[in-house]
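All the letters of the sequence shown, read from the start, carry residue numbers 1 to 470 under UniProt numbering.
For each residue, glycine too, the CB sits at the ideal point set by N, CA and C.
Below: one structure, written as structure tokens.
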Amino acid sequence: MKVAVAGCCHGALDKMYETLELLQRRHNVRPDLLLCCGDFQAVRNEADLRCMAVPAKYRHMQTFYRYYSGEKKAPVLTVFIGGNHEASNHLQELPYGGWVAPNIYYLGYAGVVRFRGVRIGGISGIFKSHDYRKGHFECPPYNQQTIRSAYHVRNIEVFKLKQLKRPIDIFMSHDWPRSIYHYGNKKQLLKMKSFFRQEVESNTLGSPAASELLQHLKPTYWFSAHLHVKFAAFMQHETNSKEELPKATKFLALDKCLPHRDFLQIIDVEHDPNAGDSLEYDAEWIAVLKATNSLVNVTQSTWNMPEKNGLHAKIQQAKEEGSGRGECEEEEEEEMDSTGSAEEPSEYNTDNSGLSSFNPDEIMLDEEGGDEDLSTCSVDPSPDHPPEFSMSFSDIRIMPDSMAVSSDDAMDSNNEELEKSGGSKQVEEKSSTERSLKRISGDENGNSGVKKIKRRNQAIYAAEDEDKTD
């Protein structure tokens, strides 16, 4: 299947979907899935706009609200992660992910889903060492610090993702894995972004947490954004034994959605032709969420993740229980209360007390149980080509130990400065005899034993459904 990958969207959904239509007209290329690597800016209203950490000149509604209201519908299934320019109050309502609009799905703080047999994972936000070991304590109204720390990556998300044992096909992060630039055309990167030189030479550019995940997950593809430049790399992973086959990751970072910028790429991904067209839950990821639920921290207290606690036995038990259970006995969602000391008043008016805290798009969890060619389809391709992915493994260096998160990275926070720029009526649930949750009504092709994703409330989309019935 064809997968479109986009860099920083910055709320320009109309332009992004128009570009896909242009590709179809000019090159007869129609993607089956669109992945967005952060800075999606799912802004529903003015209150959301006030909860986004951007300079005033960039604080615009853009076009997401038209898709949220049902005025428009995304022409292709869109899956996105969060970046550092998001309506934090909106995305915090969906910590485990969920539908934010028809055909547009958010992966949550971290998440894994399946589409046509392809396993897709992602982690939202950017890395900042001073917040890495804290819990998700932020809540509206935000102040100058929490409006930014709300989108900082936490160690609990990295810990959950590191419990995964099965292969990942595609993974997304907003910021780059640290040191990935050593596996591509570094000279060309520094020519386009000369101000990266000091960080590249000191090996401090990018996220050490993402590097740790890259080492562990070894996905076939890894996509990122954030730095507003197109960059490709190819990295072979170190094998743990002679019998283990070497794995390699094709990395691609893309620019932001602007004219004459390389913000879009089309790739061909091998998929299961017998799999349905519905977005599906990943059974292993649901088991990980259940097994790690007791580790959720919603305070500012810093702590490290446990080791050798029999967690994989719990995950296996959760998977077995999930496969034998016919009904979801309770919703796997939790209201996260924030505690902490009093903060200084914010210059941002982020008080949403007059708004409903119920999110109609929050999901429910049903607890039942080759090398591909990277085809360049950028609208305005760069004159300088990234390195070829066909290079042999012998030409690739092994990832250095510096890419792992050290205790110094996680604890050295005293001198780091904070960044400066930087839900409707419920419908009845389906009959208890139904086992699978589908995203698209009328689709009967899914496997009955596979968990699938649906919106919790579709009232805001009723008008469109009535039109189709007529």
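Nearest candidate by alpha-carbon position, reference residue i, set the options
i             : options                        : result
glutamate 201 : Ser88, Phe231, Thr249, Arg178  : Arg178
leucine 164   : Tyr142, Gln145, Leu213, Phe195 : Leu213
leucine 161   : Leu33, Gln300, Ala12, Trp285   : Trp285
histidine 216 : Thr204, Phe127, Phe115, Ala248 : Ala248
serine 88     : Phe40, Ser194, Cys257, Trp176  : Phe40
glycine 135   : Tyr96, Ile168, Val298, Ala74   : Val298
valine 118    : Gly82, Gln300, Tyr281          : Tyr281
isoleucine 81 : Leu94, Leu190, Tyr67, His260   : Leu94
proline 141   : Gly97, Ala53, Ala209           : Ala53
glutamate 307 : Leu295, Pro246, Trp176, Ser301 : Leu295
serine 207    : Leu190, Ile180, Met192         : Ile180
arginine 261  : Met192, Ala42, Arg154          : Met192
serine 301    : Ser69, Gly97, Asp131           : Asp131
leucine 33    : Asp277, Glu321, Thr204         : Asp277
histidine 85  : Gly38, Gly108, His237          : Gly38
For residue i: DSSP bridge partner residues
i             : result
alanine 4     : Leu34, Ile266
glycine 184   : Ala233
residue 553   : Lying before the first or after the last residue shown, residue 553 is absent from the chain, which here runs from 1 to 470.
aspartate 78  : What sits at residue 78 in the sequence shown is threonine, not aspartate. According to DSSP, threonine 78 bridges with Leu34, Ile104.
glycine 135   : Note: glycine 135 sits in no beta bridge, so no partner.
residue 471   : The structure shown has nothing for residue 471, since the chain only spans 1 to 470.
serine 224    : Ala253
serine 202    : In the DSSP output, where bridge partners are listed per residue, serine 202 has none listed.
glycine 83    : DSSP lists no partner for glycine 83.
alanine 110   : Ile123
serine 207    : Pro177
methionine 52 : Ala87
alanine 248   : Gln236
CB-CB length for residue i against residue j, believed under 8 Å
i            : j             : result
histidine 90 : glycine 125   : Wrong, their Cβ atoms sit about 14 Å apart, outside the cutoff.
serine 129   : histidine 174 : Wrong, their Cβ atoms sit about 16 Å apart, outside the cutoff.
arginine 116 : alanine 291   : Between alanine 291 and arginine 116 the Cβ distance is about 27 Å, and since that is not below 8 Å, they are no contact.
histidine 60 : cysteine 257  : So it is not a contact: roughly 13 Å between Cβ atoms.
leucine 289  : valine 113    : No, leucine 289 and valine 113 are not in contact; Cβ-Cβ is about 13 Å, not under 8 Å.
Whether residue i touches residue j by CB criterion (9 Å)
i                 : j                 : result
isoleucine 147    : cysteine 51       : yes
valine 100        : leucine 35        : no
methionine 172    : isoleucine 120    : yes
alanine 253       : valine 229        : yes
valine 76         : isoleucine 123    : no
cysteine 8        : phenylalanine 263 : yes
asparagine 185    : alanine 110       : no
tyrosine 65       : asparagine 45     : yes
lysine 15         : isoleucine 267    : no
phenylalanine 127 : tyrosine 183      : no
isoleucine 168    : lysine 242        : no
valine 5          : glutamine 265     : yes
glutamate 18      : glutamine 92      : no
leucine 13        : glutamine 62      : yes
arginine 166      : asparagine 304    : no
histidine 271     : glycine 83        : no
tyrosine 106      : isoleucine 170    : no
proline 31        : lysine 73         : no
residue 475       : leucine 189       : Given that the chain is displayed from residue 1 to residue 470, the structure contains no residue 475 and the question cannot be resolved.
aspartate 48      : alanine 42        : yes
alanine 210       : tryptophan 176    : yes
Exercise. Residue ranges of each beta strand (DSSP E) run of no fewer than 3 residues wholly in the region 136 to 176, ordered along the chain?
Worked result: Within the region 136 to 176, the complete beta strand (DSSP E) runs of at least 3 residues are 170 to 173.
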